[in-house]
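A.B. asks: Would you mind keeping the following structure in view while I ask a few things?
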Amino acid sequence: MAEALAARTLAVRALGVPLALAVDDPALRETLSALLADVCDDGGRDGTDGSPGAPRVAITVRGHGPWAVHSPAYDARSSTVERALGDVCAAVNANAVSATPLLAFHAAVLAKQGRTLVVPGVSGLGKTTLTAGLLLRGWSYVSDEALALEWSPAAPLAYPRPLALSAWSRSSLGLDGLGVPADREWLLRPADLGAAVEHRPGPVTHLLLMEPREAAGGATPEPLPTHRSEAISALLQRGFTHVRDPARALTALAGVVSAAAVTRVRQGTPEQTAAYADAWALAPLAPPAATGGEPR
Amino acid sequence: VSRQLIGPPVEGATEVEVDGRVSAFSPLTRQIVVLNDTASDIWRLADGEHDLEAIVALLAAAYSVAPEDIEADVRHAVDELVDAGLLPAAPEG
Numbered sequence: 045m046a047e048a049l050a051a052r053t054l055a056v057r058a059l060g061v062p063l064a065l066a067v068d069d070p071a072l073r074e075t076l077s078a079l080l081a082d083v084c085d086d087g088g089r090d091g092t093d094g095s096p097g098a099p100r101v102a103i104t105v106r107g108h109g110p111w112a113v114h115s116p117a118y119d120a121r122s123s124t125v126e127r128a129l130g131d132v133c134a135a136v137n138a139n140a141v142s143a144t145p146l147l148a149f150h151a152a153v154l155a156k157q158g159r160t161l162v163v164p165g166v167s168g169l170g171k172t173t174l175t176a177g178l179l180l181r182g183w184s185y186v187s188d189e190a191l192a193l194e195w196s197p198a199a200p201l202a203y204p205r206p207l208a209l210s211a212w213s214r215s216s217l218g219l220d221g222l223g224v225p226a227d228r229e230w231l232l233r234p235a236d237l238g239a240a241v242e243h244r245p246g247p248v249t250h251l252l253l254m255e256p257r258e259a260a261g262g263a264t265p266e267p268l269p270t271h272r273s274e275a276i277s278a279l280l281q282r283g284f285t286h287v288r289d290p291a292r293a294l295t296a297l298a299g300v301v302s303a304a305a306v307t308r309v310r311q312g313t314p315e316q317t318a319a320y321a322d323a324w325a326l327a328p329l330a331p332p333a334a335t336g337g338e339p340r
Numbered sequence: 447v448s449r450q451l452i453g454p455p456v457e458g459a460t461e462v463e464v465d466g467r468v469s470a471f472s473p474l475t476r477q478i479v480v481l482n483d484t485a486s487d488i489w490r491l492a493d494g495e496h497d498l499e500a501i502v503a504l505l506a507a508a509y510s511v512a513p514e515d516i517e518a519d520v521r522h523a524v525d526e527l528v529d530a531g532l533l534p535a536a537p538e539g
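In structure tokens:
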């Protein structure tokens, strides 16, 4: 009995949370196993200690169509396999965000040549599209969902869940034909784009604040004036867990922002925006500012 | 102009500064507020040793403007810092 359960269970670690994903349907399980390979639990690859004794949050997927997804933070009944895939990924994310011990903000995180780029943003802003565009330009994937910190300005932890691209984004980046369909989105691993996962990125060096592209906007991204403290606002507005200890979160955030270059940009086309972000984040670093970061 | 001293910040307030702008957490409201340049200057002067008139005078000199041109804005900013739970409310009466 226990062996049968283990055989249909995928061990996942997301935002430091150990999850046990029990899936009845072998075909669905096989697809999920491939999609979630970058967050499979191999005992702390994401940079957390692995907590081998920690109880796993259980996500169960019953049935062979329709599928019933049940978990502490997310329940759904899916009538199509595409919807089931989307619901399982949503359940992984919801339970990770709900139970994470980390200081987490909604943001994309990428790494290249010793630089760690963070792009805060709500869903629909173009964060994942920019992430995919940067992966195509040789960046490594850390996350398209969360900047995850151990409540300090030190290096973020990886949460390399599958990217979920809309049909428009996929097409805009010339990626038609790639990915697994999932409820109006396509799920891709960075490997599908020829990119690697960076499980141990360095501390944040760049923060890019994105503004939506205007309806009649040009193809070229437009840099906008900004102040580094606006990055604190941008991240706080998209915080998952800072309310647990706001004072500590503020101190950690100020440390991150004080050590990073910050820019704000109005998006152009996905390709041009990725080219802009790539060039900006790889440019020679200015000396760190003299102010900032220390609580009074 | 009130002679009431402004500040100091409420006990337990946490403050950080990035490039001259202050962000502060209030333990009363459990909110974090990111201040602009002017509000950051007011915050730094809200140390319990200056009243509103003194703060207005110092800022007017720093910004090279007439005190009467900024008094209403400074008063409003102080009220907002009080509402945010960062500065203690003036005692009744």
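Chains as they are written, first to last, in the working numbering: chain A, 45 to 340; chain B, 447 to 539.
Think of the CB as a built atom: it goes at the ideal place given N, C-alpha and C, for glycine as much as any other residue.
(1) Is any beta-carbon of chain B found at less than 8 angstroms from that of I276 of chain A?
(2) Mapping the DSSP letters down to three states, classify Y203 of chain A as helix, strand or coil.
(3) Between A:K156, A:A239, A:W183 and A:A152, which lies nearest to G168 of chain A when the distance is taken from Cα to Cα?
(4) Would you kindly work out how many angstroms separate the C-alpha atoms of H496 of chain B and V464 of chain B, rounded to a whole number?
(5) Give a yes or no on whether 8 angstroms exceeds the smallest Cβ distance from R272 of chain A to chain B.
(6) Determine whether the Cβ of L280 of chain A lies closer than 8 angstroms to any Cβ atom of chain B.
(7) Alpha carbon to alpha carbon, what distance is there between E74 of chain A and R292 of chain A?
(8) Taking Cβ to Cβ, would you say L237 of chain A is nearer than 8 angstroms to L179 of chain A?
(9) Can you give the Cα-Cα distance for V136 of chain A and T144 of chain A, rounded to whole angstroms?
(10) Would S123 of chain A be called buried (16 or more neighbouring beta carbons within 10 Å of its own) or exposed?
(11) Between A:A318, A:T307 and A:V300, which lies nearest to A192 of chain A when the distance is taken from Cα to Cα?
(12) Exposed or buried, which one is S472 of chain B when buried takes at least 16 other CB atoms within 10 Å?
(13) What did DSSP end up calling T172 of chain A once you bin it into helix, strand or coil?
(14) Where R288 of chain A and S273 of chain A are concerned, what is the direct C-alpha to C-alpha distance, given to the nearest angstrom?
(15) Among residues of its own chain, excluding the 5 on either side of R308 of chain A, which ones have a beta-carbon nearer than 6 angstroms to its beta-carbon?
(16) How about P290 of chain A: is its C-beta nearer than 8 angstroms to some C-beta of chain B?
(17) Can you give me, in chain order, the residues of the stretch 461-479 of chain B that have a beta carbon less than 7 angstroms from any beta carbon in chain A?
(18) Run through the stretch 244-302 of chain A for me and flag every whole alpha helix (DSSP H) of 4 or more residues, listed as ranges in chain order.
(19) Let me know the secondary structure DSSP gives R57 of chain A once reduced to three states.
(20) Grouping DSSP H, G and I as helix and E and B as strand, with all else coil, what is D131 of chain A?
(21) Taking just the CA atoms, how far does A506 of chain B sit from A512 of chain B?
(22) What are the residues of the stretch 294-326 of chain A that lie near chain B, defined by any Cβ-Cβ distance shorter than 7 angstroms?
(23) Please classify P197 of chain A as buried or exposed, where buried requires at least 16 neighbouring CB atoms within 10 angstroms.
(24) Among the residues of its own chain, which have a CB less than 7 angstroms from the CB of A459 of chain B, if the five just before and after it don't count?
(25) Can you grab the Cα-Cα spacing for the pair R521 of chain B / A176 of chain A, in whole Å?
(26) Just checking my contact of A492 of chain B with P454 of chain B at CB under 8 angstroms: how many whole Å lie between their CB atoms?
(27) Would you kindly work out how many angstroms separate the C-alpha atoms of L451 of chain B and S510 of chain B, rounded to a whole number?
(28) Does the beta carbon of L532 of chain B sit closer than 8 angstroms to a beta carbon anywhere in chain A?
(29) In the stretch 474-518 of chain B, which residue ranges form an unbroken alpha helix (DSSP H) of at least 4 residues, counting only runs that do not cross its ends?
(30) Just to confirm, is the Cβ distance from G170 of chain A to G246 of chain A under 8 angstroms?
(31) For the putative contact between P234 of chain A and V241 of chain A, defined by C-beta atoms under 8 angstroms, what is the C-beta separation to the nearest angstrom?
(32) For the ligand SAM, I want to know if S142 of chain A counts as a neighbour, meaning its beta carbon is within less than 7 angstroms of at least one of the ligand's heavy atoms.
(33) Grab me the residues of G107 of chain A's own chain with a C-beta within less than 8 angstroms of its C-beta, minus the 5 sequence neighbours each way, in chain order.
(34) Compute the distance between the beta-carbons of N139 of chain A and A117 of chain A, then report whether it is under 8 angstroms.
(35) What's the C-alpha gap between T53 of chain A and W195 of chain A?
C.D. replies: Looking at the coordinates:
(1) yes
(2) coil
(3) A:A152
(4) 24 angstroms
(5) yes
(6) yes
(7) 41 angstroms
(8) yes
(9) 12 angstroms
(10) exposed
(11) A:V300
(12) buried
(13) helix
(14) 21 angstroms
(15) L253, L268 and T270
(16) yes
(17) E461, V462, E463, V464, D465, G466, R467, S469, F471, R476 and I478
(18) 273-280 and 290-302
(19) strand
(20) helix
(21) 6 angstroms
(22) L294, T295, A298, V301 and S302
(23) buried
(24) A470, F471, S472, P473 and L532
(25) 48 angstroms
(26) 7 angstroms
(27) 23 angstroms
(28) no
(29) 483-491 and 498-509
(30) no
(31) 6 angstroms
(32) No copy of the ligand SAM occurs in the structure displayed, which carries no ligand at all.
(33) D68 and D69
(34) yes
(35) 31 angstroms
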